[in-house]
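S.K.: Those protein sequence lines, which keep their order, are chains A and B. Be aware that the first sequence starts at 318, since it is given in the numbering used here, and climbs by one per residue. Be aware that the second sequence starts at 318, since it is given in the numbering used here, and climbs by one per residue. Beta carbons are placed, not taken as given, at the ideal position from N, Cα and C, and that holds for glycine. Here you go, one structure.
Number of protein chains: 2
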Amino acid sequence: MSNSGAPSAVQPNATGISDEIIFKKELLDYVSGFQVLSPEEIDLIMDNTLVKSFKKGAYLLEEGQVADKCYFVLKGCVREFYLIDGEEKSTAFYTEGQAVNSFSSYTNQQPSRHYLICAEDCVLTVGNQQIEKEMCQRIPRLESIIRQEVERNTGKAQDDFARFMVSSPEQRYLQMLEDRPELLQRIPQHQLASYIGITAESLSRIRKRLHKQT
Amino acid sequence: MSNSGAPSAVQPNATGISDEIIFKKELLDYVSGFQVLSPEEIDLIMDNTLVKSFKKGAYLLEEGQVADKCYFVLKGCVREFYLIDGEEKSTAFYTEGQAVNSFSSYTNQQPSRHYLICAEDCVLTVGNQQIEKEMCQRIPRLESIIRQEVERNTGKAQDDFARFMVSSPEQRYLQMLEDRPELLQRIPQHQLASYIGITAESLSRIRKRLHKQT
Numbered sequence: 318m319s320n321s322g323a324p325s326a327v328q329p330n331a332t333g334i335s336d337e338i339i340f341k342k343e344l345l346d347y348v349s350g351f352q353v354l355s356p357e358e359i360d361l362i363m364d365n366t367l368v369k370s371f372k373k374g375a376y377l378l379e380e381g382q383v384a385d386k387c388y389f390v391l392k393g394c395v396r397e398f399y400l401i402d403g404e405e406k407s408t409a410f411y412t413e414g415q416a417v418n419s420f421s422s423y424t425n426q427q428p429s430r431h432y433l434i435c436a437e438d439c440v441l442t443v444g445n446q447q448i449e450k451e452m453c454q455r456i457p458r459l460e461s462i463i464r465q466e467v468e469r470n471t472g473k474a475q476d477d478f479a480r481f482m483v484s485s486p487e488q489r490y491l492q493m494l495e496d497r498p499e500l501l502q503r504i505p506q507h508q509l510a511s512y513i514g515i516t517a518e519s520l521s522r523i524r525k526r527l528h529k530q531t
Numbered sequence: 318m319s320n321s322g323a324p325s326a327v328q329p330n331a332t333g334i335s336d337e338i339i340f341k342k343e344l345l346d347y348v349s350g351f352q353v354l355s356p357e358e359i360d361l362i363m364d365n366t367l368v369k370s371f372k373k374g375a376y377l378l379e380e381g382q383v384a385d386k387c388y389f390v391l392k393g394c395v396r397e398f399y400l401i402d403g404e405e406k407s408t409a410f411y412t413e414g415q416a417v418n419s420f421s422s423y424t425n426q427q428p429s430r431h432y433l434i435c436a437e438d439c440v441l442t443v444g445n446q447q448i449e450k451e452m453c454q455r456i457p458r459l460e461s462i463i464r465q466e467v468e469r470n471t472g473k474a475q476d477d478f479a480r481f482m483v484s485s486p487e488q489r490y491l492q493m494l495e496d497r498p499e500l501l502q503r504i505p506q507h508q509l510a511s512y513i514g515i516t517a518e519s520l521s522r523i524r525k526r527l528h529k530q531t
């Protein structure tokens, strides 16, 4: 795959070769999970999937760019944020086993309104529309598999959105503790605060209050 | 198509025949928009798509049920809401040209956490997984079309979610005025208030303040 058209901020990790080999094994486990695929089809997918390392701080997408790539996290964390009045508002953290796809930009070829940045050193699969199309032509049932995966992710996003809408910041914090406790170790508190819709000071107060109650 | 397994609350409109014929024409316009489909394929889709009328107040899905149908709004409005401590929290209003699909329940066959109710008299297409599967087998390129539509809707949902997360209730109200001004005429104020995450009283105050400024 050619890297032409890659966002200039994307910095492959020159020392990351071994990571890429290690995590290609994880990808194989994931792809092998789709039991409708034959061993030959799995080989074809593996041969055509680019696995790449990115340093913490590398941008995968910037506001105004049209997304020409989609990603899947094998290792690390990708943060999605909006820049509003000079302030970063974090709206998603994608970790191991999650797809990173800015559909409104990637599928509709519209300029992105958000940024994607590696919140940690990352190992990601990197895909684009052309590879996707070629692979679906060679493995027709792949179209159905991808569609089901998109629907599954969409269902999760719908649930997350609704839960965010109907809950208080404290409830959102408790939910995060339950669903994704590892984020607290991995992500700075001010970014988690904006993710649940409050200031870092308010999050600090919530944590103190909950700590007292336990 | 058999109606067995339909939620008991779904009430077809016995007098709705003419509506169904009128709106089948709208569906034809929509399906014809996918220019990769041949006239024969369009006929096949039209022959296999059920168009049905529902009275205002009919439930399409209730909390705890597994969604076995998906819908597309030809006329009317479907409201999605969660019941929390006995209070309805509205999280979506689907109007003409929008798909109504509770993916986390429909695709993953999990009990739904929300309700879907007709907020107005509605004319909807009604699909299920079996029809979808059969149609995709007969028209293989349909799989790709559906996938693109799901991705387009997902992109919109991602944008909506992010915008909700990073904005104040007043900003959400102004955004709704800009994007979907018709909702103000169609939906009671207390439901719109919960949709933007505030009480009806707060929404009333915001409206008064904005009215004074203009």
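Secondary structure at Ile-401 of chain A, three-state DSSP: helix, strand or coil?
M.R.: Strand, per DSSP.
S.K.: Out of curiosity, what's the CA-to-CA distance linking Ser-421 of chain A and Lys-369 of chain B?
M.R.: Taking the straight line from one Cα to the other gives about 31 Å.
S.K.: Whole angstroms is fine: what's the gap from Gln-488 of chain A's alpha carbon to Pro-505 of chain A's?
M.R.: For Gln-488 of chain A and Pro-505 of chain A, the distance between alpha carbons rounds to 19 Å.
S.K.: Express the C-alpha separation of Phe-340 of chain B and Gly-414 of chain B in angstroms, rounding to a whole number.
M.R.: Distance between the alpha carbons of Gly-414 of chain B and Phe-340 of chain B: 11 Å.
S.K.: From Glu-468 of chain A to Lys-529 of chain B, what distance separates their C-alpha atoms?
M.R.: Computed Cα separation, rounded: 44 Å.
S.K.: What number of angstroms, rounded off, separates the C-alpha of Glu-495 of chain A from the C-alpha of Leu-501 of chain A?
M.R.: Straight-line Cα distance between these residues: approximately 11 Å.
S.K.: Under 7 Å between the Cβ atoms of Phe-398 of chain A and Lys-386 of chain A?
M.R.: No. Outside cutoff.
S.K.: Does DSSP put Thr-471 of chain B in a helix, in a strand, or in coil?
M.R.: Reduced to three states, the DSSP call for Thr-471 of chain B is helix.
S.K.: Could you tell me the alpha carbon to alpha carbon distance between Glu-343 of chain A and Gln-426 of chain B, rounded to whole angstroms?
M.R.: Looking at the two C-alpha atoms, the distance is approximately 27 Å.
S.K.: How is the beta strand (DSSP E) around Cys-439 of chain B delimited, first residue to last?
M.R.: Note, Cys-439 of chain B: beta strand (DSSP E), 439–444.
S.K.: Please state the DSSP three-state secondary structure of Lys-386 of chain A.
M.R.: In this structure, Lys-386 of chain A counts as coil in the three-state DSSP scheme.
S.K.: Got a sec: is the Cβ-Cβ distance from Lys-386 of chain A to anything in chain B below 7 Å?
M.R.: Answer no: the Cβ-Cβ gap between Lys-386 of chain A and chain B never drops below 7 Å.
S.K.: Taking any Cβ of chain B, which residues in the segment 449–466 of chain A have a Cβ under 8 Å from it, in chain order?
M.R.: Against chain B - using a Cβ distance shorter than 8 Å - the residues of the segment 449–466 of chain A are Cys-453, Pro-457, Glu-460, Ser-461, Ile-463, Arg-464 and Gln-465.
S.K.: Can you give me the C-alpha to C-alpha distance between Ala-436 of chain A and Ala-436 of chain B, rounded to a whole angstrom?
M.R.: Taking the straight line joining both Cα atoms gives about 43 Å.
S.K.: Please confirm whether Ile-401 of chain B has its beta-carbon closer than 7 Å to some beta-carbon of chain A.
M.R.: Yes - at least one Cβ of chain A is within 7 Å of the one on Ile-401 of chain B.
S.K.: To which residues does DSSP link Val-368 of chain B through a beta bridge?
M.R.: BP columns for Val-368 of chain B point to B:Thr-442.
S.K.: Give a yes or no on whether 7 Å exceeds the smallest Cβ distance from Val-368 of chain A to chain B.
M.R.: Judged by the 7 Å Cβ criterion, Val-368 of chain A is not in contact with chain B.
S.K.: Measure the CB-CB distance between Glu-358 of chain A and Ile-456 of chain A and report whether it falls below 7 Å.
M.R.: Yes, these two residues count as a Cβ contact at 7 Å.
S.K.: Straight-line CA distance for Glu-337 of chain A to Leu-441 of chain A?
M.R.: Looking at the two C-alpha atoms, the distance is approximately 9 Å.
S.K.: Using the C-alpha atoms, what's the distance from Asn-470 of chain B back to Ala-479 of chain A?
M.R.: The alpha-carbon atoms of Ala-479 of chain A and Asn-470 of chain B are separated by roughly 16 Å.
S.K.: Would you say Thr-412 of chain A reaches chain B, if we count a Cβ-Cβ gap shorter than 7 Å as a contact?
M.R.: Closer than 7 Å: no.
S.K.: Can you tell me whether Ile-401 of chain A is buried or exposed, with buried defined as 16 or more other CB within 10 angstroms of its CB?
M.R.: Ile-401 of chain A should be labelled exposed.
S.K.: Tell me, please, whether the CB atom of Met-493 of chain A is closer than 7 Å to any CB atom in chain B?
M.R.: With 7 Å as the cut-off, Met-493 of chain A does not count as an interface residue toward chain B.
S.K.: Answer yes or no: do Leu-378 of chain A and Ser-429 of chain A have a C-beta to C-beta separation smaller than 7 Å?
M.R.: Yes.
S.K.: Could you give the DSSP three-state label for Ile-515 of chain A: helix, strand or coil?
M.R.: Coil at Ile-515 of chain A, not helix or strand.
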